[in-house]
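In terms of the working numbering, the sequence shown opens at residue 37 and continues consecutively. Here's the structure we're looking at; comments come further down.
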Amino acid sequence: MVRLIALFEDIPDVAAFRSLYEAQHLPLAQRMPGLCALRHQAAESLRGRPVRYVGELLFPDRDTLNVALRSVEGFAAAKTLSSLPCREITLFIVEGGFES
């Protein structure tokens, strides 16, 4: 599995952020081809930084993620990110899982 993780930081108005995120961004992200699962939730930083929200999109492999990011739905979802009321968005790609 491959995960695309979005970390949304420094959100002045959490209610406004969540409203736009759920109304504009989620419907587009949910239509990305090859998407296996999408999770999103509020988050709290242990370092005192105002991390407020995390989104996670799961894909079966990196090739499928790349196709999804280049799709019409992927471009549309990415475009909505700039309209969200937060001061910083960091995107991560995480491949594989954890071994113990």
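For glycine and all other residues, C-beta sits at the position ideal for the given N, C-alpha and C.
Looking at C-alpha atoms only, which residue of the options is the closest neighbour of residue i?
i   : options                   : result
I47 : R83, Q66, L71 and Y89     : Y89
L56 : T126, E131, G132 and C122 : C122
P69 : Q77, V130, T126 and A112  : A112
L74 : I125, E80, L62 and M37    : L62
Please classify residue i as buried or exposed, where buried requires at least 16 other C-beta atoms within 10 Å of its C-beta.
i    : result
G132 : exposed
G91  : buried
G110 : buried
Per DSSP, what kind of secondary structure is residue i in: helix, strand or coil?
i    : result
L43  : strand
A112 : helix
E80  : coil
E101 : Reading off the sequence, residue 101 comes out as Leu, not Glu. Helix.
L94  : strand
L74  : strand
R88  : strand
Could you compute how far the alpha carbon of residue i sits from the alpha carbon of residue j?
i    : j   : result
V108 : R67 : 10 Å
F128 : F95 : 13 Å
E45  : L71 : 24 Å
Report yes if the C-beta distance between residue i and residue j is below 8 Å; otherwise report no.
i   : j   : result
L93 : R39 : yes
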